[in-house]
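Asks:
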Amino acid sequence: MPQSLPDTTPPKRRFRWPTGMPQLVALLLVLLVDSLVAPHFWQVALQDGRLFGSPIDILNRAAPVALLAIGMTLVIATGGIDLSVGAVMAIAGATTAAMTVAGFSLPIVLLSALGTGILAGLWNGILVAILKIQPFVATLILMVAGRGVAQLITSGQIVTFNSPDLSWFGSGSLLFLPTPVIIAVLTLLLFWLLTRKTALGMFIEAVGINIRAAKNAGVNTRIIVMLTYVLSGLCAAIAGIIVAADIRGADANNAGLWLELDAILAVVIGIFLAHRTRFGNQVYAIGGNTTSANLMGISTRSTTIRIYMLSTGLATLAGIVFSIYTQAGYALAGVGVELDAIASVVIGGTLLSGGVGTVLGTLFGVAIQGLIQTYINFDGTLSSWWTKIAIGILLFIFIALQRGLTVLWENRQSSPVTRVNIAQQ
1 MPQSLPDTTP
11 PKRRFRWPTG
21 MPQLVALLLV
31 LLVDSLVAPH
41 FWQVALQDGR
51 LFGSPIDILN
61 RAAPVALLAI
71 GMTLVIATGG
81 IDLSVGAVMA
91 IAGATTAAMT
101 VAGFSLPIVL
111 LSALGTGILA
121 GLWNGILVAI
131 LKIQPFVATL
141 ILMVAGRGVA
151 QLITSGQIVT
161 FNSPDLSWFG
171 SGSLLFLPTP
181 VIIAVLTLLL
191 FWLLTRKTAL
201 GMFIEAVGIN
211 IRAAKNAGVN
221 TRIIVMLTYV
231 LSGLCAAIAG
241 IIVAADIRGA
251 DANNAGLWLE
261 LDAILAVVIG
271 IFLAHRTRFG
281 NQVYAIGGNT
291 TSANLMGIST
301 RSTTIRIYML
311 STGLATLAGI
321 VFSIYTQAGY
331 ALAGVGVELD
341 AIASVVIGGT
351 LLSGGVGTVL
361 GTLFGVAIQG
371 LIQTYINFDG
381 TLSSWWTKIA
391 IGILLFIFIA
401 LQRGLTVLWE
411 NRQSSPVTRV
421 NIAQQ
């Protein structure tokens with residue numbers, strides 16, 4: 001029987017797009033559209049030792065966001081999220097303005113503002129890496145309470161200053177480019193060196209891919225996770241300094257708009273749906289274990305779609321009620337209210353990991369927030385922004401309780417089974 005000759009033809013190589021190519025193509029397309037819409041888009045002029053033009057303005061406005069994104073990249077690379085960067089940015093800006101007005105020297109002001117970012121990042125890192133709290137929930141605490149802290153630093157006022165040296169960081173120039181652009185580029189270069197020329201980048205990717213495998217390989221996963229949050233807080237603080245230096249002040253009043261709506265009707269409907277219908281049982285099953293729910297015959301896709309449709313429907317109802325109550329339509333209505341809703345859910349005992357929670361508990365969470373706000377309003381001696389700090393403390397307490405109960409349950413599940421020797425009885 002004749003034997004077939006081995007195939008010596010080289011394997012076909014699959015074409016691979018270089019890293020970042022899709023994003024680069026999208027950027028070029030946007031620039032092309034801008035060039036067609038605005039023929040003078042690329043015009044850049046040199047005036048008073050600084051470049052001016054649309055491309056320079058875009059880079060200058062994008063610098064604070066770029067700083068936040070640089071730090072956020074490391075956090076997300078480890079599988080986490082940092083919702084508190086905006087609040088940390090507000091705290092750093094408030095610290096910068098308040099200390100400048102108080103007469104502190106520029107180095108002390110900058111170090112103090114950067115220190116607030118580092119401490120905030122360390123706080124988030126401890127919650128995530130040490131206490132094993134979900135990153136979404138852990139950073140939500142500071143996101144809520146941080147706004148109140150910024151208000152306390154500025155005493156709820158718009159703090160302005162006149163310091164040419166500090167203003168240079170926001171509106172000055174270096175090498176013909178705006179100072180914020182230079183700071184963002186230097187920060188990007190520094191982080192690139194840390195992640196690509198040291199072992200830190202490899203450790204971060206290892207933690208993000210499989211934290212257990214990274215730990216078994218000898219990586220100190222706690223330190224790596226904490227370090228990413230510290231760096232994220234540091235980047236947020238730098239962005240806060242730039243913004244405060246640019247506007248020569250800190251307006252913590254407009255750092256976030258917070259609203260609270262009466263959701264009793266929605267909660268009553270939710271109680272009925274969750275405990276008296278088949279749909280509610282399916283929701284709990286999917287939250288507990290999606291794979292098991294699918295094996296039980298539950299259509300997880302359609303149920304998930306109905307969940308989000310119900311959520312947006314109730315949000316629409318809240319918007320209608322709010323418009324009727326205020327007798328007006330406001331484009332910024334509801335800004336920040338999603339965080340109040342999440343805080344009510346967590347305080348009410350619902351696990352963000354899914355599977356556990358009651359709508360009645362959420363009602364208690366809403367009531368607790370309302371009572372705190374009412375007490376502070378009636379007290380008269382406390383700033384209204386103490387409400388956010390108190391809610392942040394409550395979030396931490398309830399999340400710590402949830403984590404403790406979860407660990408206790410896991411320990412019971414993994415405890416060794418005691419075998420009874422019947423022959424000896």
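Oh and the sequence shown: position 63 is 63 in UniProt numbering, straight run, nothing missing.
The beta carbon of each residue, even a glycine, is placed where N, CA and C say it ideally should be.
1) Run the CB neighbour count on T401, radius 10 Å, all protein chains shown included, and call it buried at 16 or more, exposed below.
2) Applying the 10 Å Cβ sphere with the 16-neighbour rule, what's the burial state of A150?
3) Since T100 contacts S171 with CB under 8 Å, what's their CB separation in whole angstroms?
4) When DSSP labels each residue in this structure, what does P178 get in the three-state scheme?
5) In the structure shown, what three-state DSSP assignment does R50 receive?
6) For V207, count neighbouring Cβ atoms within 10 angstroms of its own Cβ and tell me buried if that reaches 16, exposed if not.
7) Quick check: what's the CA-CA separation for G355 versus R61?
8) State yes or no: is the C-beta of I141 within less than 8 Å of the C-beta of V230?
9) For I81, which three-state DSSP category applies?
10) On the CB-based measure, 16 or more other CB atoms within 10 Å of its CB, does S232 come out buried or exposed?
11) Taking the C-alpha atoms as reference points, what is the distance between A87 and Q47?
12) Quick check on S155: does DSSP put it in helix, strand or coil?
13) Classify L68: buried if its beta carbon has 16 or more other beta carbons within 10 angstroms, exposed otherwise.
14) On the CB-based measure, 16 or more other CB atoms within 10 Å of its CB, does L123 come out buried or exposed?
15) Is it the case that the stretch 155-162 contacts the stretch 91-108, given that we only count it when at least three CB pairs across the two stretches are under 8 Å?
16) So the candidates are L51, A293, L234, I247; which of them puts its Cα closest to the Cα of L110?
17) Considering only their Cβ atoms, is the gap separating P64 from A237 smaller than 8 Å?
18) Identify whether A217 lies in helix, strand or coil by the three-state DSSP scheme.
19) Answer with buried or exposed for L227, where buried requires no fewer than 16 other C-beta atoms within 10 angstroms of its C-beta.
20) Counting C-beta neighbours from all protein chains within 10 Å, is the total for L74 16 or more, i.e. buried, or is it exposed?
21) Identify which residue in H40, M89, P135, L131 has its Cα closest to the Cα of A244.
22) Just to confirm my understanding: we take A129, look at its own chain, exclude 5 residues before and 5 after, and list those with CB closer than 6 Å. What are they?
23) What's the C-alpha gap between Q43 and G49?
24) In chain order, what residues of the same chain lie with their CB nearer than 6 Å to the CB of L194, ignoring the 5 residues before and after it?
25) Consult DSSP for A45 and reduce its assignment to one of helix, strand or coil.
26) Give me the Cα-Cα distance between L36 and A145, rounded to the nearest whole angstrom.
27) Using the rule of at least 16 other Cβ atoms within 10 Å of the residue's Cβ for burial, across every protein chain shown, is G218 buried or exposed?
28) Let me make sure I understand the geometry here. Which of T139, A113, I91, A138 has the alpha-carbon closest to that of T154?
29) Could you compute how far the alpha carbon of M72 sits from the alpha carbon of D82?
30) Is the beta carbon of G80 closer than 8 Å to that of P39?
31) Since residue 431 sits in a beta bridge, which residues does DSSP pair it with?
32) For the candidate residues A293, G392, I397, I241, whose alpha-carbon lies nearest to that of S112?
33) Since P107 is in the alpha helix (DSSP H), which residue starts that stretch and which ends it?
34) With V128 as the anchor, note down where its alpha helix (DSSP H) starts and where it stops.
35) Can you give the Cα-Cα distance for A102 and P178, rounded to whole angstroms?
36) Would you tell me roughly how many angstroms separate the C-alpha atoms of A214 and S84, rounded to the nearest one?
Replies: For this structure:
1) The residue you call residue 401 lines up with position 401 of the sequence shown. Checking the displayed sequence, the identity of residue 401 turns out to be Leu instead of Thr. L401 should be labelled exposed.
2) Within the sequence shown, the letter at position 150 stands for residue 150. Under this definition A150 is a buried residue.
3) Here residue 100 refers to the residue found at position 100 when the sequence shown is read from its first residue. Here residue 171 refers to the residue found at position 171 when the sequence shown is read from its first residue. Between S171 and T100 the Cβ distance is about 15 Å, and since that is not below 8 Å, they are no contact.
4) For this step, residue 178 is matched to residue 178 along the sequence shown. The answer is strand: DSSP assigns P178 an E or B state.
5) The count along the sequence shown starts at 1 and reaches residue 50 at position 50. R50 falls in the strand class under three-state DSSP.
6) Translated into the one-based positions of the sequence shown, residue 207 becomes position 207. Burial call: buried.
7) One-based indexing of the sequence shown puts residue 355 at position 355. One-based indexing of the sequence shown puts residue 61 at position 61. Per-residue confidence for G355 stands at a pLDDT of 49, beneath the threshold of 50, marking its modelled position as unreliable; no derived number is given.
8) Here residue 141 corresponds to residue number 141 of the sequence shown, with the count starting at 1. Here residue 230 corresponds to residue number 230 of the sequence shown, with the count starting at 1. Going by C-beta atoms, I141 is not nearer than 8 Å to V230.
9) To locate residue 81, count along the sequence shown from 1; it is residue 81. In the structure shown, I81 sits in coil (DSSP, three-state: anything other than H, G, I, E or B).
10) Numbered from 1 along the sequence shown, position 232 holds the residue referred to as residue 232. By the neighbour-count rule (16 or more Cβ atoms within 10 Å), S232 is buried.
11) Taking the sequence shown and counting its residues from 1, the one referred to as residue 87 is at position 87. Taking the sequence shown and counting its residues from 1, the one referred to as residue 47 is at position 47. Each residue's Cα considered, the two are about 36 Å apart.
12) Translated into positions along the sequence shown, residue 155 becomes position 155. Coil at S155, not helix or strand.
13) Counting from one through the sequence shown, the residue named residue 68 turns up at place 68. Per the 10 Å Cβ criterion, buried.
14) Reading the sequence shown from its first residue, position 123 is the one you call residue 123. One detail in the question is off: residue 123 reads as Trp in this sequence, not Leu. Looking at its Cβ environment, which holds 16 or more other Cβ atoms inside 10 Å, W123 is buried.
15) yes
16) Counting from 1 along the sequence shown, the entry for residue 110 is found at position 110. Checking every option, the nearest Cα to that of L110 belongs to L234.
17) By 1-based counting over the sequence shown, the position of residue 237 is 237. By 1-based counting over the sequence shown, the position of residue 64 is 64. The answer is no: Cβ separation not under 8 Å.
18) The residue you call residue 217 lines up with position 217 of the sequence shown. Correct three-state label for A217: coil.
19) Here the question's residue 227 lines up with position 227 in the sequence shown. That one is buried.
20) Counted from its first residue, the sequence shown places residue 74 at position 74. It counts as buried.
21) By 1-based counting over the sequence shown, the position of residue 244 is 244. When each option's Cα is compared against that of A244, the closest is M89.
22) Translated into the one-based positions of the sequence shown, residue 129 becomes position 129. If we look at A129 and ignore the five residues flanking it on each side, its Cβ neighbours are R222, V225, M226.
23) Start at 1 with the first residue of the sequence shown, and residue 43 comes out as number 43. Start at 1 with the first residue of the sequence shown, and residue 49 comes out as number 49. Rounded to the nearest angstrom, the two C-alpha atoms are 16 Å apart.
24) Within the sequence shown, numbered from 1, the residue matching residue 194 stands at position 194. Cβ within range, chain order: L200.
25) As a position in the sequence shown, residue 45 is number 45, starting the count at 1. It is a strand residue.
26) Along the sequence shown, one-based indexing puts residue 36 at 36. Along the sequence shown, one-based indexing puts residue 145 at 145. One C-alpha to the other measures close to 45 Å.
27) For the purposes of this step, residue 218 is taken as the residue at position 218 of the sequence shown. G218 comes out exposed.
28) The residue labelled residue 154 in the question sits at position 154 within the sequence shown. For T154, the nearest C-alpha among the options comes from I91.
29) Reading the sequence shown from its first residue, position 72 is the one you call residue 72. Reading the sequence shown from its first residue, position 82 is the one you call residue 82. Near 7 Å, if we compare the C-alpha coordinates of D82 and M72.
30) Position 39 of the sequence shown, counting from 1, holds the residue named residue 39. Position 80 of the sequence shown, counting from 1, holds the residue named residue 80. No, the Cβ-Cβ distance between P39 and G80 is not below 8 Å.
31) Because the chain here runs from 1 to 425, residue 431 falls outside it and cannot be looked at.
32) Taking the first residue of the sequence shown as 1, we reach residue 112 at position 112. When each option's Cα is compared against that of S112, the closest is I241.
33) Position 107 of the sequence shown, counted from the first residue, corresponds to residue 107. From DSSP, the alpha helix (DSSP H) with P107 extends over 106-125.
34) Residue numbering aside, residue 128 sits at position 128 when the sequence shown is read from its first letter. Looking at the DSSP string, V128 is not in any alpha helix (DSSP H), and its letter there is neither H nor E.
35) The residue given as residue 102 occupies position 102 in the sequence shown. The residue given as residue 178 occupies position 178 in the sequence shown. Rounded to whole angstroms, A102 to P178 spans 27 Å at the Cα level.
36) For the purposes of this step, residue 214 is taken as the residue at position 214 of the sequence shown. For the purposes of this step, residue 84 is taken as the residue at position 84 of the sequence shown. Between A214 and S84, the C-alpha separation is close to 26 Å.
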